[in-house]
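Read the structure below first, then the notes.
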Amino acid sequence: MVPGIIAGFAAGFLIMLIVMKILSHKQSVDFEERVSSLKNDITSLRFQQQEADASRTRFDLEIRKHRDLTIIFPDIVKQVFSARTPDELANLLSRALRKLTGCERIAIFLADIRGGKLGLVHIEGLGDILKQPLVVNVGDGHVGFVAETGLVFEKKNLQKESELTKQRLEKTAIPGFLPDIAAPMMSQGILYGVICLVDVPISAILPKERVISIAAVGAAALEGIRLLGRFESASDMDPDTGLPGSGRLKPLLNQELERVRRFDSPLAIVDLVIERGSIDDRFRAREFMSIGSNHLKVTMRNIDVGLRTGTDKITLLLPGTDQDGMENVMQRLLDDLPKLQNDAGEPLGTVRLRYLIVEAGKEETLENVIKNLENKAFISSLG
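Here the sequence shown stands for residues -3 to 379, numbered as in our numbering.
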């Protein structure tokens, strides 16, 4: 009986050891799982701390960039407004955009005086896609869409446009050219151009807002350039005819020849001679010149330019006028001018004119144009 009791105690003790071993193993497993969980929590906290540090660093960097912008933006505006020509302005705008957005691929289109076409005036980093001269009609492609609507175009939002708009853009777009951002240069409802950025860096801060700001500054500066041009014209105004004097011919003609190249539009240049403008009676001569110029000012379009370039001569610059258009203009001038009369009933009399057509898109120097015009024969009226 004693051996059985001993055997029972031994079996119980063994069972107890096994149970304790099992419980110990379970506790060990639970402890290891707890340790592993704590390690994961610690790793997660470290990662979150790193993310927080990185976010704080980015936030600090953004604040510093914005602080720097508040310092440099007034200088940028001053530089842009210092431009005296559209070309100079476009170059300054490009420099400003590089500094503000970090973008290295920029295209700037400026509108012609009639607001119907946009000519490429400045490219940077896009020579493989865009070539000068390049003309875009308002309404065509992404650039024309921005010019027509006055809206900012963003490539990332293209899918939000209607199917009709997307089809229109794809059909008329410049081949291979899809800007990330295109913003209109508008001032007081007048279109001055469109700024386009391609491949804007991911790190750029508020690129759309900065492009909009620079576009507004550029439009205001271009408006100032145009006003300055008008003021300079007015300062050289001929007292007899109320037209700009001969000193304005070369700068204005240069400007129109540039439009011929950029906007793919022809130009007619007319020398009009009023013979009674050179008679010995200077009072009557000035009167006849005044009568002729007043008639021209009433009948000319607002984009046409008239200048007094001689005692009895008025030169006309007629943008967008081709050979057919010039034939109509010539007929009207030769028919209508001789019939004009002064208060004493004296007719204006014989007028003569010669003209030269500069074809659309053609590159001509100022000297060649003036020389070719001077070699043209005059056509006389029957007056």
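Positions of the beta carbon are idealized from the N, C-alpha and C atoms, including for glycine.
Item	Value
Is it right to say Pro334 is buried, meaning 16 or more other beta carbons lie within 10 angstroms of its own, or is it exposed?	buried
Any idea what DSSP makes of Gly123, helix, strand or coil?	coil
Do you know whose CA, among Gln23, Gly214, Thr39 and Gly121, lies nearest Pro175's CA?	Gly121
Out of Phe43, Ile265 and Arg42, which one is the CA nearest neighbour of Gln371?	Note on residue identity: the sequence assigns Asn, not Gln, to residue 371. With distances taken between Cα atoms, Asn371 lies closest to Ile265.
Note the first and the last residue of the continuous alpha helix (DSSP H) segment covering Thr97.	Pro82 to Thr97
My guess is that Val207 and Thr97 are in contact by the Cβ rule of under 8 Å, so how many angstroms apart are they, rounded?	7 Å
How far does the alpha helix (DSSP H) with Thr311 in it extend, from its first residue to its last?	Careful: Thr311 lies outside any alpha helix (DSSP H), inside the beta strand (DSSP E) at Lys309 to Pro315.
Just to confirm my understanding: we take Ile109, look at its own chain, exclude 5 residues before and 5 after, and list those with CB closer than 8 Å. What are they?	Arg255, Ile299 and Pro315
Taking just the CA atoms, how far does Arg42 sit from Ile18?	36 Å
Could you give the DSSP three-state label for Ala79: helix, strand or coil?	coil
Among the candidates Val134, Arg94 and Val148, whose CA atom is the shortest distance from the CA of Ile201?	Arg94
Straight-line CA distance for Glu252 to Phe279?	34 Å
Tell me which residues share the same chain as Glu219 and place their Cβ nearer than 8 Å to its Cβ, disregarding the 5 neighbours each side in the sequence.	Ser183, Gln184, Ile186 and Tyr188
Is Val347 near Glu271, with beta carbons less than 8 Å apart?	yes
With Asp234 and Arg282 assumed to form a contact (beta carbons below 8 Å), what rounded beta-carbon distance in angstroms separates them?	With 8 Å as the limit, Asp234 and Arg282 do not qualify as a contact, their Cβ atoms being about 10 Å apart.
Name the residue from Pro247, Lys246, Leu85 and Leu336 whose alpha carbon lies nearest to the alpha carbon of Ser405.	No answer is possible for residue 405: the residues shown for the chain start at -3 and end at 379.
I'd like the list of long-range same chain contacts for Ile170, defined as Cβ closer than 6 Å, with 5 residues on each side in sequence excluded.	Gly137
Measure from the alpha carbon of Gly321 to the alpha carbon of each residue in Thr81, Ser78 and Leu352, then state which is nearest.	Leu352
DSSP beta-bridge partners for Tyr351?	Val266
What distance in whole Å lies between the Cβ atoms of Cys192 and Ala86, which are believed to be in contact at a cut-off of 8 Å?	The Cβ separation is near 12 Å, so there is no contact.
Nearest to Cys99 by CA position, among Ser20, Phe27, Leu114 and Ile198, is which residue?	Ile198
So what's Ile102 in DSSP terms, helix, strand or just coil?	strand
Suppose the cutoff is 6 Å on Cβ atoms and the five residues either side in sequence are ignored; what does the same chain contact list for Ala92 look like?	Ile72 and Ile210
Buried or exposed: Phe149, going by 16 or more other Cβ atoms within 10 Å of its Cβ?	buried
Hey, how far is the Cα of Val196 from the Cα of Lys151?	11 Å
Throw me the rounded Cβ distance for the Leu329 and Leu248 pair, which I believe falls under 8 Å.	Actually they are not in contact, since the Cβ atoms of Leu329 and Leu248 sit about 20 Å apart, beyond 8 Å.
Looking only at its chain, what residues have a beta carbon closer than 6 Å to the beta carbon of Leu292, apart from the 5 residues adjacent to it on each side?	Gly302
Could you check whether Asn250 and Phe284 sit closer than 8 Å to each other, using their CB atoms as the reference points?	no
State the start and end residues of the unbroken beta strand (DSSP E) segment that holds Ala179.	Ile177 to Ser183
How would you label Phe105, buried or exposed, when you count the other beta carbons within 10 angstroms and need 16 or more for buried?	buried
Between Ser391 and the rest of its own chain, which residues show a CB-CB distance below 8 Å, the 5 nearest in sequence each way excluded?	Because residue 391 is not part of the residues shown, which for the chain are -3 to 379, the question remains open.
Which first and last residues belong to the alpha helix (DSSP H) in which Arg255 is found?	Leu245 to Phe259
Rounding to the nearest angstrom, what Cα-Cα distance links Leu263 and Met296 in this structure?	14 Å
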